[in-house]
Amino acid sequence: MTQVEVHVPATTANLGPGFDSLGMALDIWNTFHFEISHLPSVSVMGEGAGGRLPSGKSNLVYRSAERYFQEVGRPAPPMAISCWNRIPLARGMGSSSSAIVGGLLGAAALSGEKNPDRELLWKLAVEIEGHPDNVTPALFGGCQIVVKDEGKLVRAGVPLPPDLRAVLYIPDAPMPTAQARGVLSPQVSREDAVYNIGRAALLVNALATGAVEHLRVATQDRLHQPARQGLMPAMRLLFRAALDGGALGVFLSGAGSSVLALTRGREVTVAYEMRDMADKAQLPGEVKITTPTTKGAYLIFME
């Protein structure tokens with residue numbers, strides 16, 4: 009196999025209370041075309057084009073592909089990789105996870121694997137990313153719970169209501185993950201821990217059973233969003249606007265800067281209210297309406 013195309017979905021992590029433990033795939037896709045070549049290269053179109061992302065072997069997609077070949081004990085061939093990026097960078101929508109999963113899956117396919125070992129790819133993706141809540145739904149699709157037990161990863165899928173929609177307000181300004189993690193306290197109070205534990209459990213139940221009336225409470229958080237409020241003062245205003253517009257629940261997507269509202273039937277109104285509030289708060293950006301997807305990253309083989 010000398011050519012392959014990989015499609016990887018955007019993801020949203022945390023979902024409010026499920027810090028570093030919950031993630032969900034979204035129907036927004038990055039596409040990566042791999043071809044064995046004479047010289048290594050990476051071209052980028054869409055998000056990150058124009059030199060904002062590396063064009064050589066230092067690109068995260070390329071580095072992830074090389075990591076796969078290292079893992080299986082084979083030399084990495086020179087690859088020409090073309091990236092069509094639709095996932096905004098550093099906005100809490102899993103752009104780095106998409107690159108990692110795309111690189112690993114593309115490398116596995118180039119190595120001759122028609123049905124790559126996703127458990128191995130998962131392990132490598134978490135190793136590269138450093139936390140599992142984005143790469144897991146990017147690879148497996150749907151909503152995923154993921155925890156570590158003595159170094160071993162454990163995951164479980166959560167069924168989603170079929171008519172659930174996601175409304176995203178995506179600010180023009182990024183929020184780099186390292187910066188967003190840097191403001192978090194290494195310790196939390198028992199009261200805040202209990203607050204989040206209960207809501208994370210309620211969130212999983214609400215999604216799995218379709219009891220969406222609980223999502224307003226179930227998406228609340230005290231472990232990371234209050235600390236990140238200082239980096240994005242308009243966050244709470246967007247939360248209130250989404251809920252006033254009829255959103256079922258709302259939260260900071262991943263480490264931000266995007267805010268995601270879950271809806272069922274009122275997505276246009278919610279999008280309007282979020283856009284209007286962002287304008288009033290002088291927070292330029294765009295609104296995107298999409299859906300969760302149960303489909304994870306997939307391959308298209310070429311001759």
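Here the numbering used here is used: the first residue of the sequence shown is 9, the next is one more, and so on. The beta carbon of each residue, even a glycine, is placed where N, CA and C say it ideally should be. Note that the structure is a prediction, hence the values are computed from the model and not measured.
- By the neighbour-count criterion, in which 16 or more other beta carbons inside 10 Å mark a residue as buried, F309 falls on the exposed side.
- Of the residues assessed, A242 falls on the buried side of the cut-off, its CB having 16 or more other CB atoms within 10 angstroms.
- Within the model, the alpha-carbon separation for M285 versus A249 is close to 6 Å.
- By the neighbour-count definition (other C-beta atoms within 10 Å, threshold 16), Q195 is an exposed residue.
- If the five residues before and after D141 are omitted, its C-beta is found closer than 7 Å to the C-beta atoms of A21, N22, D28, S29, L30, G31 and V154, all from its own chain and listed in chain order.
- About 4 Å separates the CB atoms of F40 and G110; that is less than 8 Å, so the two are in contact.
- Excluding the 5 residues flanking it on each side, V52 has same chain C-beta neighbours closer than 6 Å at L61 and C91, in chain order.
- Counting C-beta pairs with one atom in each stretch, the segment 131-140 and the segment 217-226 have fewer than three that are closer than 8 Å, which means they do not touch.
- Burial state of N93 is buried, judged by a 10 Å Cβ sphere holding 16 or more other Cβ atoms.
- Residue state for T277 is assigned as helix, using DSSP reduced to three classes.
- Each residue's CA atom was taken as its position, placing A181 and F259 some 18 Å apart.
- Scanning P169, V295, G114 and L118 for the CA closest to the CA of T217 turns up P169.
- By the criterion of a C-beta distance shorter than 6 Å, P167 is surrounded in its chain by A216, once the five residues flanking it on both sides are discounted.
- The distance from the Cβ of T19 to that of I44 is about 29 Å, inconsistent with a contact at the 8 Å cut-off.
- Going by DSSP, T298 is part of no alpha helix (DSSP H) but of the beta strand (DSSP E) stretching over G293 to T298.
- Rounded to the nearest angstrom, the Cβ distance from A174 to T298 is 5 Å, consistent with a contact under 8 Å.
- For the set G100, I205 and L132, the Cα lying nearest the Cα of Q187 is the one of G100.
- Within the segment 59-92, complete alpha helix (DSSP H) segments of at least 4 residues are found at 68-79, given in chain order.
- For I178, the enclosing beta strand (DSSP E) stretches over residues R173 to P179.
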